[in-house]
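What follows is a set of notes on a single structure, which appears directly below.
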Amino acid sequence: MTSLGWLVQPAVFPWVAAAFGLCVGSFLNVVIHRLPKMMEREWREQCAELAGEAPPARERYNLVVPRSQCPGCGHWIRAWENIPLISWLALKGRCSACGTRIALRYPLVELVAGIAGGYSAWRFGFSLAALGAALFVWTTIALAAIDQETGFLPDDLTLPLMWAGILLNIGGTFVPLAEAVIGAAAGYLSLWLVYWCFRLATGKEGMGYGDFKMNAAAGAFLGWKMLPLVILISSLVGLAFGVLQMFAARRRWDAGFRFHFGPYLAIAAVIALYWGEPMVRWYLNKL
802 MTSLGWLVQP
812 AVFPWVAAAF
822 GLCVGSFLNV
832 VIHRLPKMME
842 REWREQCAEL
852 AGEAPPARER
862 YNLVVPRSQC
872 PGCGHWIRAW
882 ENIPLISWLA
892 LKGRCSACGT
902 RIALRYPLVE
912 LVAGIAGGYS
922 AWRFGFSLAA
932 LGAALFVWTT
942 IALAAIDQET
952 GFLPDDLTLP
962 LMWAGILLNI
972 GGTFVPLAEA
982 VIGAAAGYLS
992 LWLVYWCFRL
1002 ATGKEGMGYG
1012 DFKMNAAAGA
1022 FLGWKMLPLV
1032 ILISSLVGLA
1042 FGVLQMFAAR
1052 RRWDAGFRFH
1062 FGPYLAIAAV
1072 IALYWGEPMV
1082 RWYLNKL
């Protein structure tokens, strides 16, 4: 056994993966917060260029620069204040400088990312499938959060995720390559058809093109055979959240209580990734 042989042990690997997932979750919070702002900056620069104007001078801003800081007072986040989950608990969910409340989303993203890493490692063992599953869930976490907050599903996440699914399935990590390629195409076209049917019938747009690409990514990972299950589960999840939204409106709760389709797709795709095959087998046995 090599010096790192202990890492692949079933009793160890899931815990290491969970710890790594917590760190990934911390980075996902940066992606969720900064990527929409980076997109907006790029749009403004493109608009200025089309108008023949000089792009506005801006400081460097990406996923690495500048350092994270409190949105309330501008306090630079120190290393000990950025430890996943632990720092949020130690600070009691508030900035150490001004006391501004830190959104619950931050520890929740870290926690879910950690669980995804640990469960993927336990479910698939030390394998490419474990890495692929964790990568898929981590990316859908970011997509769901960004879509819920802004209504956008960035191409910078959906398209690489789709290609990652196809590349992983070259060796049949989750499904044969042919099923992955057909799944990517079918995932996109299925929602594209729904979009146009709804638009022709009502004159309104029921979803955006980002939803098509996210569904294509799910098809690339899971194959075309899982797409009906993904669409069914996402519809049921959407129905459940729709009932919650109506209930919230009646109670006159937060007027910003709104849901987009991206989170529904994310939840459905993750369920299909881990438990899709036994669910389909159970259904077929009931027929």
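Numbering-wise, the sequence shown is residues 802 to 1088 according to this note's numbering.
Cβ atoms here follow ideal geometry from the backbone N, Cα and C, with glycine treated the same way.
Just so you know, these numbers come straight off a predicted model, no measurement behind them.
Going by DSSP, what residues sit across from residue i in a beta bridge?
i, result
"Arg-895", "Arg-902"
"Trp-877", "Gln-870"
With H, G and I counted as helix, E and B as strand and the rest as coil, what does DSSP make of residue i?
i, result
"Gln-870", "strand"
"Ile-887", "helix"
"Gly-806", "helix"
"His-834", "helix"
"Phe-1060", "coil"
"Phe-1042", "helix"
"Ser-763", "Residue 763 lies beyond the range of the chain shown here (802 to 1088); nothing can be said about it."
"Gly-822", "helix"
"Phe-953", "coil"
"Ser-1035", "helix"
"Leu-1088", "coil"
Work out the CA separation of residue j and residue i for me, nearest whole Å.
i, j, result
"Thr-940", "Leu-962", "7 Å"
"Asn-883", "Ala-979", "43 Å"
"Ala-1056", "Leu-1088", "Low confidence applies here, because Ala-1056 scores a pLDDT of 49, under 50, leaving its location unreliable; read the following figure in that light. Answer to the nearest angstrom: the Cα atoms are 44 Å apart."
"Phe-1022", "Ile-983", "11 Å"
"Leu-1001", "Gly-1009", "15 Å"
"His-834", "Ala-858", "21 Å"
"Val-913", "Gly-826", "8 Å"
"Arg-902", "Arg-924", "36 Å"
"Leu-1028", "Leu-1085", "16 Å"
Looking at residue j and residue i, is the spacing between their C-beta atoms short of 8 Å?
i, j, result
"Cys-896", "Cys-874", "yes"
"Phe-1013", "Phe-1042", "no"
"Gly-822", "Ala-917", "yes"
"Pro-955", "Leu-836", "yes"
Pick from the options: whose alpha carbon is nearest that of residue i?
i, options, result
"Trp-1025", "Val-976, Trp-816, Arg-906 and Val-865", "Val-976"
"Ala-1017", "Val-1031, Leu-864, Ile-971 and Trp-1076", "Val-1031"
"Ser-928", "Ala-904, Leu-969 and Leu-823", "Leu-969"
"Met-1015", "Phe-953, Gly-973 and Gln-1046", "Phe-953"
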